[in-house]
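Peer 1:
Number of protein chains: 2
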Amino acid sequence: MPDRFFEITHRDPAGQARTGLLHLRGCAIETPAFMPVGTRGTVKAMLPEEVAGVGYRLILGNTFHLELRPGSALVERLGGLHRFMNWPHALLTDSGGFQVYSLAEMRKITEEGAEFRSPYDGAPVKLTPEESMRIQHQLGADIIMAFDECLNFEAPEEAVRKSVELTLRWLARCKAAHESHAERSHLFGIVQGHFSAALRETSARRTVEQDLPGYAIGGLSVGEPEPLMMEMLEASVAHLPAERPRYAMGIGLPLNLIDMAARGVDMFDCVIPTRNARNGRAYTFEGIKIIKQAQYAEDAGPLEPGCSCAACTQYSRAYLRHLYMANEILSARLLTGHNLTFFWRLMERIRAAIRGGTLKQLRAELAAVFAGEGEEAEGRGADPSERGCRGS
Amino acid sequence: MPDRFFEITHRDPAGQARTGLLHLRGCAIETPAFMPVGTRGTVKAMLPEEVAGVGYRLILGNTFHLELRPGSALVERLGGLHRFMNWPHALLTDSGGFQVYSLAEMRKITEEGAEFRSPYDGAPVKLTPEESMRIQHQLGADIIMAFDECLNFEAPEEAVRKSVELTLRWLARCKAAHESHAERSHLFGIVQGHFSAALRETSARRTVEQDLPGYAIGGLSVGEPEPLMMEMLEASVAHLPAERPRYAMGIGLPLNLIDMAARGVDMFDCVIPTRNARNGRAYTFEGIKIIKQAQYAEDAGPLEPGCSCAACTQYSRAYLRHLYMANEILSARLLTGHNLTFFWRLMERIRAAIRGGTLKQLRAELAAVFAGEGEEAEGRGADPSERGCRGS
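Taken in order, these protein sequences are the chains called Z and Y. First residue of the first sequence: -18, per our numbering; consecutive thereafter. First residue of the second sequence: -18, per our numbering; consecutive thereafter.
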């Protein structure tokens, strides 16, 4: 692990929020940072240089999907994931834990790890802490995640307690398996504990005992009410060391980003900007625009005045609506580029608000346009793998 | 019609081939030229600047599809098709005749025009020569096509004779309806006559009587054997004036481009490069590469060495295969960019070969790698609207 991986540049004197820098691959990445998701080695619909052109220098890849297809050994032989996907900047890979969870009935969890059948070809697959480390080392990401167990929404407290213990034992195995690679990538532990504040505290304290370069909070935004989500986040963050980065996995609703940044979270990822773009939902500082709506049919104006993306500077809302209605690939391209630009600008505003002490005002301003967004977003996601967005 | 719309820059002393320039919107477009197809106001998967970046300055739009969605009147109110789709260079729009034909049982042809039900919403639609002109004027293309009747493959000679006469009467109506716009766009007539050399001659001679700025040859590559296609092409071209551009509609197999350029054709269009890209078929000067094949799974080499496109300069065959297998949008983007680059390079080689008198050698070289491509391509296209590629 290089020196000075993370530094805090500003602390909100009136709260928990902070700004910082993640030093990765020669870049200083400003936090709080949002990370676009490139599940299968591509941020859907985008060229890497377009993602970097927006400003991003840290994106996600997915262990589970890349191991099943094309295989991490193959990616390693081709020079690692950075070279394979032509992304010269920093990468974070998820451990596969969440994807195993989303297989629901098709998986079996043992002390050893998870056994399941590949959703691609039905072949039996075993994912263990050691396997997850091996895969992530082969992919070669700059930040890698511990292999954790995620729980069903209805899990009873006793099951949660056992699961927290299992995840902690898995974490120790991950750390041992990572020792030889500790100079090359940063292993983050994941705090679990479901909806129990006490178990969140246990999980956080004992995860921190492993002395890792960063800590994630998992198991949130899986369908629980927002106050409970924030309570669980606080119960987790309260026991994490201030000087290490904190990553809220699968979080992407704009108001959640603000609320969690206010509680001291430094990193986020979500498929919301990319997936919603493909569904014709454009994020703007005036709220979400559903591009198929008839009101845009003859609208010659830009999608969002003042936005610098290609969709906003070169096309009318009417043309963007036409592309979406005609199911044209260019619709996904232009709206993805726009939404990634919106999320970049949103994070810039969040960082500026933290520095200026105006996060509450920003929250109030955006609450007026994004109120109820969470319910809407949940409405789309019947598939549990789609909820919470983690790496899906 | 501006002066000097088309000029011939070189004539093959030993044959019919020629090179030339089409002067449109301030550009001199070298011929023989291939025109990418942008059916619904977008060359699928590409940004306009990417299409122009390859070298193209003349692309197609489609009257039939754009009239049904979003409507030519709407496009006109938004500044015309050039502005709507952000394509500042030249546009050619097809008349809708071929798309009406591909509706098969759903259409009715009368002296007045064609009546059919919209494939989008079932609404009754009437397309006449005057309507086709009105629509194309509203779209604002630089070259527009006469409204013609296309025939079923099995049409008996008497039906062909009647159809040729109908298309000629429709042409006269198109010309009359175009008179007021004759300074703004170039109306091309379309030679029909199905598989009768005599009717091709009749159609060509009487189309030329209308004294138009250019002439197209329609009704080819609809499933007929290649020698018959070339015979019908010759029977058509023989009666067209040498000094006007000739456009073979829906032609795009590389060997057909060479063989028709050798017979004096100046313009071509086809969905082959774009559609095949989405189907994972990459054109190279070593032949077609089917990217899903297992041989590319670990292939670290470029798709086509020496090609300057993004797919070839920034990615391995293994990554391109992975994107295709994972059904990622980036696969369509990269392979479309590659195929459009291949077709651009192919036309450059055809033009150079015409100037150098080496078209036969180029033909022989490419015959070795593209032999049998036509049969393969036909094999995919059970849908008649997919055959011949015209504007589909």
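A virtual CB, placed ideally from N, CA and C, is assigned to each residue, including glycine. Predicted model only: the values in this text are computed from it and were never measured.
Give the DSSP-derived three-state secondary structure of G116(Z) in the structure shown.
Peer 2: The identity of residue 116(Z) in the sequence shown is Ile, whereas the question assumes Gly. I116(Z) falls in the helix class under three-state DSSP.
Peer 1: Quick check on this structure: which residue in S53(Y), G7(Y) and Y37(Y) has the alpha carbon closest to the alpha carbon of V18(Y)?
Peer 2: Comparing Cα positions, the closest option is Y37(Y).
Peer 1: Here's the rule: buried if 16 or more other CB atoms are within 10 angstroms of the residue's CB, otherwise exposed. What is N133(Y)?
Peer 2: Exposed, by the Cβ-count rule.
Peer 1: Per DSSP, D250(Z) forms a beta bridge with which residues?
Peer 2: BP columns for D250(Z) point to M16(Z).
Peer 1: Do L168(Z) and H175(Z) come within 7 Å of each other at the CB atom, strictly closer than that value?
Peer 2: Not in contact: H175(Z) and L168(Z) (Cβ atoms no closer than 7 Å).
Peer 1: Can you find the residues in the same chain that come closer than 8 Å, C-beta to C-beta, to T0(Y), ignoring five residues on each side of it along the sequence?
Peer 2: The residues are I(-11), T(-10), H(-9), E11, T12, P13, R332, I335 and R336.
Peer 1: In or out: R6(Y) buried (at least 16 other Cβ within 10 Å) or exposed?
Peer 2: Looking at its Cβ environment, which holds fewer than 16 other Cβ atoms inside 10 Å, R6(Y) is exposed.
Peer 1: Could one say the Cβ of E310(Z) lies closer than 7 Å to chain Y's Cβ atoms, at least one of them?
Peer 2: The residue asked about is misnamed: residue 310(Z) is Ile in this sequence, not Glu. Yes, contact with chain Y.
Peer 1: Under a CB-based cut-off of 7 Å, is S366(Y) close to chain Z?
Peer 2: Note that S366(Y) scores a pLDDT of 37, beneath 50, so its modelled location is shaky and nothing firm can be said.
Peer 1: At a Cβ cut of 7 Å, what residues of the region 53 to 77 of chain Z count as close to chain Y, listed as they run along the chain?
Peer 2: If the cut-off is 7 Å between Cβ atoms, the region 53 to 77 of chain Z has L55, R58, L59, F65, M66 and N67 near chain Y.
Peer 1: Taking a cut of 8 Å between CB atoms, which residues from the region 311 to 326 of chain Z lie near chain Y?
Peer 2: If the cut-off is 8 Å between Cβ atoms, the region 311 to 326 of chain Z has L311, A313 and R314 near chain Y.
Peer 1: Determine the DSSP secondary structure at Q334(Y), reduced to helix, strand or coil.
Peer 2: First, the residue type needs correcting, since residue 334(Y) is Ala and not Gln in the sequence shown. Here A334(Y) sits in helix by DSSP.
Peer 1: List the whole-angstrom C-beta distance separating I269(Y) from A278(Y), where the pair is believed to meet the contact cut-off of C-beta under 8 Å.
Peer 2: So it is not a contact: roughly 18 Å between Cβ atoms.
Peer 1: Which chain Z residues sit within Cβ distance under 8 Å of P51(Y)?
Peer 2: Result: A278, A299, R302, H303 and M306.
Peer 1: Within this structure, are the beta carbons of Y82(Y) and C131(Y) separated by less than 7 Å?
Peer 2: Yes. Within cutoff.
Peer 1: Cα separation between A(-2)(Y) and D75(Y)?
Peer 2: Looking at the two C-alpha atoms, the distance is approximately 25 Å.
Peer 1: Could you tell me whether the Cβ of K25(Z) comes closer than 7 Å to any Cβ of chain Y?
Peer 2: For K25(Z), the answer is yes, since a Cβ of chain Y falls inside 7 Å of its Cβ.
Peer 1: Determine whether the Cβ of S373(Z) lies closer than 7 Å to any Cβ atom of chain Y.
Peer 2: With a pLDDT of 35 at S373(Z), under the threshold of 50, the predicted position of this residue should be treated as unreliable, and no value is reported.
Peer 1: Start and end of the beta strand (DSSP E) containing V106(Y)?
Peer 2: Note, V106(Y): beta strand (DSSP E), P105 to L108.
Peer 1: Quick check: what's the CA-CA separation for P226(Z) versus A313(Y)?
Peer 2: Computed Cα separation, rounded: 37 Å.
Peer 1: For the region 278 to 297 of chain Y, which residues have a beta carbon sitting closer than 8 Å to at least one beta carbon of chain Z?
Peer 2: Within the region 278 to 297 of chain Y, the residues whose Cβ lies closer than 8 Å to some Cβ of chain Z are A278, E279, A281, A291, Q295, Y296 and S297, listed in chain order.
Peer 1: Let's see if you can read the secondary structure: which residues bound the alpha helix (DSSP H) around A(-2)(Y)?
Peer 2: It is not in any alpha helix (DSSP H) - A(-2)(Y) carries neither H nor E in the DSSP assignment.
Peer 1: Taking the alpha carbon of N260(Z) as the reference point, which residue from A307(Z), T294(Z) and Q295(Z) has its own alpha carbon closest?
Peer 2: Measuring from the Cα of N260(Z), the nearest candidate turns out to be A307(Z).
Peer 1: For Q173(Z) and G200(Z), which I take to be in contact (beta-carbon distance under 8 Å), what is that distance rounded to the nearest angstrom?
Peer 2: With 8 Å as the limit, Q173(Z) and G200(Z) qualify as a contact, their Cβ atoms being about 5 Å apart.
Peer 1: Is the Cβ-Cβ distance between T255(Y) and T317(Y) less than 7 Å?
Peer 2: Contact: yes.
Peer 1: Which same chain residues end up closer than 7 Å to R(-15)(Z) when comparing Cβ atoms and leaving out the 5 residues on each side of it in sequence?
Peer 2: Closer than 7 Å at the Cβ level, and outside the excluded window around R(-15)(Z), lie H4.
Peer 1: For the putative contact between A185(Z) and M213(Z), defined by C-beta atoms under 8 Å, what is the C-beta separation to the nearest angstrom?
Peer 2: That belief does not hold up - the Cβ atoms of A185(Z) and M213(Z) are roughly 11 Å apart, past 8 Å.
Peer 1: Taking the alpha carbon of Y228(Y) as the reference point, which residue from L236(Y), P235(Y) and V218(Y) has its own alpha carbon closest?
Peer 2: Taking only the C-alpha atoms, the option nearest Y228(Y) is V218(Y).
Peer 1: Output, in chain order, the set of chain Y residues within a Cβ distance shorter than 7 Å of R21(Z).
Peer 2: Here the neighbours are A307 and E309.
Peer 1: When the Cα of M126(Y) is compared with those of E215(Y), S202(Y), G78(Y) and K273(Y), which residue comes out closest?
Peer 2: Comparing Cα positions, the closest option is G78(Y).
Peer 1: From R154(Z) to N43(Z), what does the alpha carbon distance come to, in whole angstroms?
Peer 2: So the alpha carbons of these two residues sit roughly 20 Å apart.
Peer 1: Take E92(Z) as the anchor and find which of A122(Z), Y101(Z) and P110(Z) has the nearest alpha-carbon.
Peer 2: Ranking A122(Z), Y101(Z) and P110(Z) by Cα distance to E92(Z) puts P110(Z) first.
Peer 1: What separation, rounded to the nearest whole angstrom, lies between the Cα atoms of L315(Z) and R302(Z)?
Peer 2: So the alpha carbons of these two residues sit roughly 11 Å apart.
Peer 1: Going by DSSP, what residue range makes up the beta strand (DSSP E) through K89(Y)?
Peer 2: Element bounds for K89(Y): R88 to I90.
Peer 1: List the whole-angstrom C-beta distance separating K25(Z) from I310(Y), where the pair is believed to meet the contact cut-off of C-beta under 8 Å.
Peer 2: About 6 Å; that satisfies the 8 Å criterion.
Peer 1: What distance in whole Å lies between the Cβ atoms of Q119(Y) and S166(Y), which are believed to be in contact at a cut-off of 8 Å?
Peer 2: Contact doesn't hold; Cβ gap of about 11 Å is too wide.
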